[in-house]
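Those sequence lines, one after another, are chains U and R. According to numbering that gives the first Met the number 0, the residues represented by the first sequence are 0 to 407, in order. According to numbering that gives the first Met the number 0, the residues represented by the second sequence are 0 to 462, in order. From the three backbone atoms N, C-alpha and C, an ideal C-beta is built for every residue, glycine too. As the structure is a prediction and not an experimental result, all values here were calculated from the model. Report on the following structure.
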Amino acid sequence: MHPCEENKLLQGVKDKVSQCDRCGACLPVCPLFGVRDLELASARGKNTLGRALAEGIIEPTREALKAVDFCLLCRACVDNCPVQVKTDEAMVDLRRLLIEKTGATNSKYRLVGGLLKSPRLVGIAARALSFLRQTGLNNLVPFGLAPDEYTRAHFLASFAGPAVLGPPAPSIVTEIGSGAKIAYFQGCGMKMMFPQATAESLAILQTTANVWRPNNFCCGLPHLAHGLREEFLNLARKNIRLFEKADLIISDCASCGGTLKHLASFFQGDPLWEEQAASFSRKVMDLTEYLTVIGYTPRKRVDGALTYHDPCHLARGQGIKKQPRDLLKMTGNFIEMEEAGVCCGGAGSFHLDYPDISALILGKKLKNIEKTGASLVVTGCPGCLIQLAKAARASGGKFQALHISQAI
Amino acid sequence: MIDDKIREKIISIVGRENCLTSDLERFAYSYDSSFIPLTPANKPELVARPQTTEEVSRLLTVAYENQIPVTPRGAASGRSGGSIPLKGGISLALDRMSRIIELDPMNMTVMTEPGVRTIDLYNYAAARGLFYPPDPASWKFSTIGGNVAENAGGMRAVKYGVTGNYVMGLEVVLADGTILQTGGKAIKNVTGYDLKSLFVGSEGTLGIITRALLRLIPLPPRRGTLQIMFGSLDDGCATVHQLLCSGIVPSAAEIMDRLSLDAVARHRKMSLEANMAACLIIEIDGDDDSAIAAQTSKIKEQASKNRALAFRTAESLAEADELWAIRRGVSSALAAMAPNRISEDISVPRDVFPEVVRRIQAIAANHGLSISVYGHAGDGNLHPSILCDMNNPQEARRVHRAIDDLFAVAIELGGTLSGEHGIGITKQPYIVQAVSEAGVKTMQAIKQALDPRGILNPGKIWQ
């Protein structure tokens, strides 16, 4: 990194974290602090660390990098901060800076990031995982990365009892121009791990429009989150070009959608890309957001109890909380769980890096799901779904986990 | 100095998992929520996190024998530097002593460890129809030990008093490790000196609070929250003053000036008309809806007489929370407005509240500084916050003169330096002016008697 760019990055971190007056409002809401009560694990601790780095009080060490890596980027602190200090953005910047300064190889993320950069490789991985699932070997893959998929067929079969039939066909109120070109953005997680959910998203979308499916690139969030900013920007440029002709870009992955909606901010001041990125971001909608706008009615009403887990990148990343709930209320007996908005501990690759901590956070989620008595927990992000599938298994079949497109 | 031998001894007492020693981890325990600069970092040599009174006692025995400074810490949410380990040594983090030990419904008391969060204690009592009133703005994250040690106030002080009014007994570990039990469940107690009160507000300089026996009262069945906007601070202050004189005592009456409102409005949706210069948030409580309605209408009437511009009643719990979030967020919102924010905590008899607010505005004008005013209009405690850049030497000089003037005014009007934050590090230069030479000497004599080796939170309260 050029020293000039390094200084700019450091100044950016300083501008963000110096807004923190260390009051402590983030302490009780940080899921990590909730399971590991160390000041350094809290948002306040990490922001102050950022400030100390920027002021030269502490050295940019591997230990410091480890501290800023220990963050879910879930934005619970941002939401509860009296001045909304952008801790998540500061952590992403600090990771990049400290990787550079400490010469950390970052090889693990480079490897995964390299895979995700290529739609072809993602496709191969998806087929490999599909094979594992068919043969039942998926359970041998650690960290629940090859989850059993609970399908819509299972879902309907479980609620075959006195199901209340919904209207036969969705009634669509088109507020979106009828000739609009609607594109589907397929996230890598959905593609590799949840092909059935993807199929359901597409089936729903096809009833509302003629959906265009370009072979898109990774949204770049895994790269951005681990200091690989250039890779992230390159992927963003490729996607911006690819989707130029789309009027709407629908994502059924909260993390992709959230990232894509925020692309504009990463190209601020870039004469070539700023306008294009902004126009791209404006076109992105979450599946539930889109379905709500067009007045979609779930295909079938079931007589089961459902609860919902808010993906961080949907609730806080995009402010979408009501739409999925409204859709689920039309689908079945919706029961709100306690702390639905608290991170499940998945957080991209966090659950791979810190399996024990992640399990503690998921344990709390499991309890909250069980307390509702619901037999299904629904969410809108493959990252969360990996975690919730683990929770479902741990519950011994008390509930199943589904992507929202499989329920509605 | 903590050498390897002492370190191992401490580790053997609290356990390795309750001891932090790395440079970075120690840095994280070098600050609190005050405006004390991060540099030079006041790093403790070691952070110890005991889980029982016995561990605290053994730890203090070691510290006493080896003359190692010990600075207690709860959530480090204090505003005056109380939990900063100014002289190094041990940062004694009590946040893992977080059990509520006993609720006694017959005597209406609760026994708790110091690391329990204030709001958790409130909710615990409220679920059983009981009320723990002290609610410092930080109550969602501050802990009881710190609340007692700083004698924390809060919004409800106007009707219900401060933390100290609810302390019936304490378990305290003294400097040499002796465990002292003081006070108890008996309401009347004049058996010798009132030692428990000595530790209330002692800022960790006399002993380590390891248990608190707190008084509860019946939870008022109904509550109402109102927001009233005024064209001037004077009108808002006058309204509160007249209400109190006419026998209407709200459970909270908080005022904020325009600068405070603008600071909050940067982070949350608020509709502010150009002529709104002050906002009053009032909480009332009573036995039933009609009691709330009666108070509301009287408050409304009084506010109208003082040219109120807008009046809003919270219709739901969520709306009440939203109104309170405005007030609870002021301090941090102001801090984000300028490179430095020097926040004071002066407290005056409530009858001169309107006067002190006028004088503060004059001080701001005299020194050409931006000083926001918000605070507890009902009880006379307010937080003038100077928004400034202390890196500008000329401005820093004006700030220091303004602070001198603020304290002089507070004392002249019969008030004092700190209502609820404590003296800590930030207000030390003014302590003699506030309590006199004799006052400081008396405190020092007590300190000398209880902590002859000066190991407990050294460097605090006086210079």
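Let me know the secondary structure DSSP gives residue i once reduced to three states.
{"i": "Thr204 of chain R", "result": "coil"}
{"i": "Ser250 of chain R", "result": "coil"}
{"i": "Ser469 of chain R", "result": "A question about residue 469 of chain R goes unanswered here, because the residues of chain R that appear run from 0 up to 462."}
{"i": "His375 of chain R", "result": "strand"}
{"i": "Val109 of chain R", "result": "strand"}
{"i": "Gly453 of chain R", "result": "coil"}
{"i": "His402 of chain U", "result": "strand"}
{"i": "Phe130 of chain U", "result": "helix"}
{"i": "Phe408 of chain U", "result": "Since the first and last residues shown for chain U are 0 and 407, residue 408 of chain U lies out of range."}
{"i": "Ile407 of chain U", "result": "coil"}
{"i": "Cys76 of chain U", "result": "helix"}
{"i": "Ser303 of chain R", "result": "helix"}
{"i": "Ala159 of chain U", "result": "Low per-residue confidence applies at Ala159 of chain U: pLDDT is 43, beneath 50, and the placement is therefore not dependable, though the value from the model is reported in the following sentence. Correct three-state label for Ala159 of chain U: coil."}
{"i": "Trp138 of chain R", "result": "coil"}
{"i": "Glu44 of chain R", "result": "coil"}
{"i": "Gln226 of chain R", "result": "strand"}
Contact criterion: CB-CB distance below 8 Å. Does residue i meet it with respect to chain R?
{"i": "Ala51 of chain U", "result": "yes"}
{"i": "Val82 of chain U", "result": "yes"}
{"i": "Gly44 of chain U", "result": "yes"}
{"i": "Pro30 of chain U", "result": "no"}
{"i": "Ile360 of chain U", "result": "no"}
{"i": "Leu97 of chain U", "result": "no"}
{"i": "Ile56 of chain U", "result": "yes"}
{"i": "Ala63 of chain U", "result": "yes"}
{"i": "Pro27 of chain U", "result": "yes"}
{"i": "Ser36 of chain U", "result": "For clarity, residue 36 of chain U is Asp in the given sequence; the question names Ser instead. For Asp36 of chain U, the answer is yes, since a Cβ of chain R falls inside 8 Å of its Cβ."}
Note down the Cα distance separating residue i from residue j, rounded to an integer number of angstroms.
{"i": "Arg35 of chain U", "j": "Ala127 of chain U", "result": "36 Å"}
{"i": "Ala433 of chain R", "j": "Arg95 of chain U", "result": "50 Å"}
{"i": "Asp103 of chain R", "j": "Val147 of chain R", "result": "20 Å"}
{"i": "Arg109 of chain U", "j": "Ser348 of chain U", "result": "13 Å"}
{"i": "Ile410 of chain R", "j": "Ala361 of chain R", "result": "16 Å"}
{"i": "Asn46 of chain U", "j": "Val13 of chain R", "result": "28 Å"}
{"i": "Arg98 of chain R", "j": "Ile10 of chain R", "result": "22 Å"}
{"i": "Arg48 of chain R", "j": "Gly230 of chain R", "result": "50 Å"}
{"i": "Gly226 of chain U", "j": "Thr101 of chain U", "result": "12 Å"}
{"i": "Leu93 of chain R", "j": "Ala174 of chain R", "result": "16 Å"}
{"i": "Pro249 of chain R", "j": "Ile430 of chain R", "result": "32 Å"}
{"i": "Arg392 of chain U", "j": "Pro146 of chain U", "result": "10 Å"}
{"i": "Val46 of chain R", "j": "Thr378 of chain U", "result": "41 Å"}
{"i": "Cys244 of chain R", "j": "Pro348 of chain R", "result": "13 Å"}
{"i": "Thr173 of chain U", "j": "Ile293 of chain U", "result": "Since pLDDT at Thr173 of chain U reaches only 44, below the 50 mark, its modelled position is unreliable, and the value read off the structure follows with that caveat. For Thr173 of chain U and Ile293 of chain U, the distance between alpha carbons rounds to 5 Å."}
{"i": "Leu359 of chain U", "j": "Ile123 of chain U", "result": "33 Å"}
{"i": "Leu164 of chain U", "j": "Lys299 of chain U", "result": "In this prediction, Leu164 of chain U scores a pLDDT of 31, lower than 50, which makes its location untrustworthy; no coordinate-derived value is stated."}
Do we get a CB-CB distance below 8 Å when we pair residue i with the residues of chain U?
{"i": "Ala211 of chain R", "result": "no"}
{"i": "Leu45 of chain R", "result": "no"}
{"i": "Ala40 of chain R", "result": "yes"}
{"i": "Arg306 of chain R", "result": "no"}
{"i": "Asp378 of chain R", "result": "no"}
{"i": "Asp261 of chain R", "result": "no"}
{"i": "Ser79 of chain R", "result": "no"}
{"i": "Lys139 of chain R", "result": "yes"}
{"i": "Arg116 of chain R", "result": "yes"}
{"i": "Ser76 of chain R", "result": "yes"}
{"i": "His266 of chain R", "result": "yes"}
{"i": "Ala335 of chain R", "result": "yes"}
{"i": "Leu386 of chain R", "result": "no"}
(request) With 9 Å as the limit, tell me which residues of the segment 308 to 333 of chain R have their beta carbon closer than that to any beta carbon of chain U; keep them in chain order. (result) Ala324, Arg327, Gly328, Val329, Ser330, Ser331, Ala332 and Leu333
(request) Give, in chain order, every residue of the segment 16 to 30 of chain R whose Cβ lies closer than 8 Å to some Cβ of chain U. (result) Leu19, Ser21, Asp22, Leu23, Glu24, Phe26, Ala27, Tyr28 and Tyr30
(request) Count the CB pairs spanning the segment 212 to 231 of chain R and the segment 282 to 296 of chain R that are closer than 8 Å, and state whether there are at least three. (result) yes
(message) Under 8 Å: do the segment 94 to 111 of chain R and the segment 194 to 208 of chain R share three or more Cβ pairs, one atom per stretch?
(response) no
(request) Would you list, in chain order, the members of the segment 11 to 25 of chain U that have their beta-carbon closer than 7 Å to a beta-carbon of chain R? (result) Gln18, Asp20, Arg21, Cys22, Gly23 and Ala24
(message) Taking contact to mean 3 or more Cβ pairs, one atom from each stretch, closer than 8 Å, check whether the segment 328 to 347 of chain R and the segment 385 to 394 of chain R are in contact.
(response) yes
(request) Could you list the residues in the segment 82 to 98 of chain R with a C-beta less than 8 Å from some C-beta on chain U, going in chain order? (result) Asp94 and Arg95
(request) Evaluate contact between the segment 74 to 85 of chain R and the segment 406 to 423 of chain R, counting only Cβ atoms and requiring at least three cross-stretch pairs below 8 Å. (result) yes
(request) Would you check if there are 3 or more beta carbon pairs closer than 8 Å linking the segment 254 to 271 of chain R to the segment 322 to 331 of chain R? (result) yes
(message) Does the structure place the segment 444 to 454 of chain R close enough to the segment 55 to 68 of chain R that three or more beta carbon pairs sit under 8 Å?
(response) yes
(message) By the 8 Å beta-carbon criterion, what residues does the segment 401 to 430 of chain R contribute toward chain U?
(response) none
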